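Respectively, the protein sequence lines represent chains A and B. Position one of the first sequence corresponds to residue 1 (the numbering used here), numbered consecutively onward. Position one of the second sequence corresponds to residue 374 (the numbering used here), numbered consecutively onward. The beta carbon of each residue, even a glycine, is placed where N, CA and C say it ideally should be. Please read these numbers as outputs of a predicted model, since none were measured by experiment.
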Amino acid sequence: FSTFGGDLKWDKKSLTYRIENYTPDMSAAEVDDSIARALQVWARVTPLRFSRIYSGTADIMISFNRRAHRDGYPFDGPDGTLAHAFAPAPGLGGDAHFDDDETFTFRSNSGYVLFMVAAHEFGHSLGLSHSDDPGALMYPVYSYRNPDTFTLHRDDINGIQSLYGPNPDVDPREPEPTAPTTPDACDSTMVLDAVATLRGEMLFFKDSFFWRSYPQSNTPQQTLITNFWPDAPVNIDAAYESQQLDRLLLFKGRRVWAFNAYDLAPGYPKSISSFGLPQSVKKVDAVLYDQASGKTLLFAGDSYYSYDEARKTMDQGFPKRVDETFTGLTTKVTAAFQYRGFSYVYSGPYMFEYSLRSGRLFRVLRNDYFLRC
Amino acid sequence: CVPISQVAEQDESFAESYLKKFFNLTEESNSVVRRGISPLTRKLADMQKFFGLHITGTLDADTLAMMKKPRCGVPDVKIAR
């Protein structure tokens with residue numbers, strides 16, 4: 001997190017806010033509700049309390065504007081800049097302005113969710129600057145999140161409490177629901193949810209995030225899964241790149257999603273039984289596509305199945321036990337992918353490097369072999 | 374090497390205005406080249422570092438894509454104001 005510094009914070013706990021005008025995109029009641037809930041996000045974790053006034057000058061004046069709107073920072077039309085807000089101070093300080101050339105929504109991702117944009121802007125109104133944690137609310141780039149299930153990220157809580165301290169009304173013995181944190185590529189104990197290639201890049205999935213690693217880059221880029229694939233599930237079980245379909249497939253529970261670039265392919269999500277997996281298989285732990293044979297190996301528990309991508313049928317003689325083919329792999333498979341002819345099968349924080357041809361195990365490596373920290 | 378897509382003229386001016394708005398690239402600073410690195414290159418690298426991108430100091434496709442994502446209008450670096 002970061003703050004504006006120079007002790008730019010309110011020196012009082014009770015703040016007023018006033019909604020000066022409305023956007024035509026939503027009903028007034030929806031705007032009122034979005035604004036009130038967005039302020040409540042911060043009130044819940046600090047001593048700050050907000051009350052609405054309907055005339056005069058409030059600490060936080062809220063308005064919808066287009067292009068130039070008398071503060072010296074004109075908006076830019078649809079998309080691009082969505083809103084801005086000013087650090088705590090008299091007058092313009094604390095005020096939040098929303099670009100009315102945007103389409104704001106109450107909860108749909110057909111536009112920008114006003115609650116999410118407002119909660120971010122009120123972070124500025126209270127003294128927070130931007131965070132470089134892609135999972136934090138104060139990250140500068142907008143990402144859709146369901147407002148009904150939104151919980152403030154640990155980084156944001158640390159930031160706002162560095163200015164105002166915790167909420168005195170919360171009994172420390174009744175801790176808040178655990179604030180989400182962003183997985184750390186340097187955490188050697190981290191167990192990845194899934195790993196896949198995609199057009200020469202490597203993708204490492206964990207919780208709501210994934211890292212993209214390009215061959216020529218030394219630092220993988222971390223971002224929210226839904227930033228790239230808004231229709232994708234999070235906390236996935238497995239993933240692989242289908243060379244036949246030129247698609248990325250993500251597995252979660254009994255369902256599988258297929259993406260052409262950023263778009264969900266028609267007819268998806270499907271059931272995993274569309275691979276010919278028996279009903280007894282409730283989820284897939286890992287999937288690996290073998291370039292040489294054109295087979296897709298689907299791992300479930302201590303077994304794996306072989307699916308022929310060209311014939312679109314499950315191969316006979318499966319399932320087989322994992323350790324029948326993958327020498328020495330007696331623990332649960334958590335992720336798998338193939339890269340430059342080698343097959344990498346993850347079990348917990350370890351990665352086993354195999355030749356599928358011979359079944360020979362070459363090396364046991366750690367996560368950070370590919371996912372550099 | 375992977376041919377870097379030709380970045381159109383307007384993308385460069387878009388990138389320059391982005392860096393002015395969010396990473397405090399100023400006209401003055403944009404004229405002084407220190408140790409052979411132009412301020413534009415340095416600010417680009419700052420932006421790439423902030424967003425966890427591959428730090429090249431050049432306007433590649435991923436950097437441009439990040440600049441075009443919808444975002445907040447408050448700068449990403451402290452600007453005395």
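{"Item": "CA-to-CA distance, residue 433 (chain B) to residue 375 (chain B), given in whole angstroms", "Value": "Residue placement at residue 375 (chain B) cannot be trusted, given a pLDDT of 43 that sits under 50; what the coordinates show is reported in the next sentence. Computed Cα separation, rounded: 11 Å."}
{"Item": "Selection from A:100, A:138, A:372 that minimises the alpha carbon distance to residue 116 (chain A)", "Value": "A:138"}
{"Item": "Euclidean distance between Cα positions of residue 129 (chain A) and residue 447 (chain B)", "Value": "8 Å"}
{"Item": "Chain-ordered residues of the stretch 433 to 445 of chain B with a beta carbon less than 9 Å from chain A", "Value": "435, 439, 441, 442, 443, 444, 445"}
{"Item": "Residues, ordered as in the chain, of the stretch 145 to 176 of chain A that lie near chain B by beta-carbon distance below 7 Å", "Value": "none"}
{"Item": "Proximal chain B residues relative to residue 34 (chain A), where beta-carbon distance stays under 7 Å", "Value": "By Cβ distance, chain B contributes nothing, its closest Cβ being about 16 Å from residue 34 (chain A), past 7 Å."}
{"Item": "First through last residue of the beta strand (DSSP E) which encompasses residue 60 (chain A)", "Value": "60 to 65"}
{"Item": "CB contact check: residue 423 (chain B) to chain A, cutoff 8 Å", "Value": "yes"}
{"Item": "Closest Cα partner of residue 12 (chain A) within the set A:32, A:27, A:59", "Value": "A:59"}
{"Item": "DSSP state of residue 398 (chain B) mapped onto helix, strand, coil", "Value": "coil"}
{"Item": "Where residue 26 (chain A) sits in the DSSP three-state scheme", "Value": "coil"}
{"Item": "Given residue 445 (chain B) as reference, the closest of A:121, A:347, A:131, A:5 once Cα atoms are compared", "Value": "A:121"}
{"Item": "Burial state of residue 145 (chain A), where buried means 16 or more other Cβ atoms lie within 10 Å", "Value": "buried"}
{"Item": "Residues, ordered as in the chain, of the stretch 121 to 136 of chain A that lie near chain B by beta-carbon distance below 8 Å", "Value": "121, 124, 129, 130, 132, 134"}
{"Item": "Candidates A:193, A:135, A:25, of which the one nearest residue 348 (chain A) by Cα", "Value": "A:193"}
{"Item": "Range covered by the beta strand (DSSP E) that runs through residue 236 (chain A)", "Value": "Note, residue 236 (chain A): premise wrong, no beta strand (DSSP E); not H, not E."}
{"Item": "Residue from B:424, B:417, B:416, B:430 with nearest C-alpha to residue 222 (chain A)", "Value": "B:424"}
{"Item": "Close-in-space but distant-in-sequence residues of the same chain around residue 183 (chain A) (CB under 7 Å, 5 per side omitted)", "Value": "190, 206, 207, 209"}
{"Item": "Residues from the stretch 71 to 87 of chain A in contact with chain B, defined by Cβ distance under 8 Å", "Value": "73, 75, 79, 80, 81, 82, 83, 84, 85"}
{"Item": "Under 8 Å (Cβ pairs) to chain B, residues found in the stretch 4 to 30 of chain A", "Value": "4, 5"}
{"Item": "Assumed close pair residue 374 (chain A), residue 127 (chain A) - CB separation to whole angstroms, cut-off 8 Å", "Value": "Here chain A comprises residues numbered 1 to 373, so residue 374 (chain A) is not present and cannot be evaluated."}
{"Item": "Residue from A:36, A:271, A:69 with nearest C-alpha to residue 147 (chain A)", "Value": "A:36"}
{"Item": "Between the CA atoms of residue 202 (chain A) and residue 439 (chain B) - distance to the nearest angstrom", "Value": "19 Å"}
{"Item": "Near-chain B residues of the stretch 181 to 192 of chain A - C-beta to any C-beta below 8 Å", "Value": "none"}
{"Item": "Proximal residues to residue 236 (chain A) (C-beta, below 7 Å), its chain only, five neighbours per side dropped", "Value": "193, 194, 205, 250, 251, 252"}
{"Item": "Residue 125 (chain A) versus residue 220 (chain A) - alpha carbon distance", "Value": "32 Å"}
{"Item": "Selection of the stretch 88 to 119 of chain A by Cβ proximity to chain B, strictly under 9 Å", "Value": "97, 99, 102, 112, 117"}
{"Item": "Minimum Cβ-Cβ distance from residue 373 (chain A) to chain B less than 8 Å", "Value": "no"}
{"Item": "is_contact[residue 419 (chain B), chain A] using C-beta, thresh 8 Å", "Value": "no"}
{"Item": "Span separating the alpha-carbon of residue 298 (chain A) from that of residue 313 (chain A)", "Value": "13 Å"}
{"Item": "Alpha-carbon to alpha-carbon, residue 426 (chain B) and residue 337 (chain A)", "Value": "24 Å"}
{"Item": "Buried or exposed (CB count within 10 angstroms, at least 16 for buried), residue 410 (chain B)", "Value": "exposed"}
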